[in-house]
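See below for the structure under consideration.
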Amino acid sequence: MPGDPDLADVIEALHSDLAEWMGSNAPPKVFDRFANALHDEFSSVTTAGQVVDRDTLLAGVWSARNAQPGFDIAITDIEEIAQGGGILTVRFTAENRQGELRSRRLVTAVLINTDHGYLWRSVHETTTAPVE
């Protein structure tokens, strides 16, 4: 990621690549961009409360290529929680969309600012009620 990209751009880029990979017959470079955005020690807490490491997540994402045609992720309500020492903590809402189906998550993420842009270090997701 070049320079100091806008926070919204960083968040949306990762989710755009994930949605493109899961929702289409995307070329491998889309997966590579997603994988390269994750810190080597990345971990995630799923909505089910399971801690998933980088390798496990990437194996699952790799196998999900075009598994949900037309899949999309909308990002809203981005809020910077804290920043210092090269670490940025953010919170945002992510809405998965496929046709009429919708699911929403409140996401808290820790990003590391490197010479090449932000790397995702940790993500914690909580399911929220859909918007009526």
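Residue numbers (the numbering used here): 819 to 950. No residue lacks a Cβ here, since even glycine has one placed at the ideal position from N, Cα and C.
Are residue i and residue j closer than 7 Å when you measure CB to CB?
i           : j           : result
residue 834 : residue 884 : no
residue 915 : residue 897 : no
What is the rounded straight-line gap between the Cα of residue i and the Cα of residue j?
i           : j           : result
residue 832 : residue 867 : 22 Å
residue 946 : residue 933 : 35 Å
residue 944 : residue 873 : 21 Å
residue 829 : residue 919 : 22 Å
residue 840 : residue 938 : 19 Å
residue 893 : residue 848 : 19 Å
residue 820 : residue 827 : Its pLDDT being 36, under 50, residue 820 is placed unreliably in this model, and the value from its coordinates should be taken loosely. Whole-angstrom Cα-Cα distance: 11 Å.
residue 871 : residue 857 : 11 Å
Can you tell me which of the options puts its alpha carbon nearest to the alpha carbon of residue i?
i           : options            : result
residue 926 : 917, 940, 873, 905 : 940
residue 906 : 921, 826, 930      : 930
residue 942 : 869, 899, 845      : 869
When the cut-off is 7 Å and only beta carbons count, does residue i lie next to chain C?
i           : result
residue 875 : Among the protein chains of the structure shown there is no chain C, as only one such chain exists.
Taking one C-beta from the segment 843-862 and one from the segment 873-882 each time, how about it: are there three or more such pairs within less than 8 Å? In the pairwise beta carbon analysis, the segment 843-862 is classified as touching the segment 873-882: at least three pairs are separated by under 8 Å.
Given 8 Å as the limit, is there contact between the segment 856-863 and the segment 887-895, that is, 3 or more CB pairs closer than that? Verdict: no, contact absent.
At which residue ranges does the segment 860-899 contain complete alpha helix (DSSP H) runs of 4 or more residues, listed in the order of the chain? As far as the segment 860-899 is concerned, its whole alpha helix (DSSP H) runs of at least 4 residues are 872-881.
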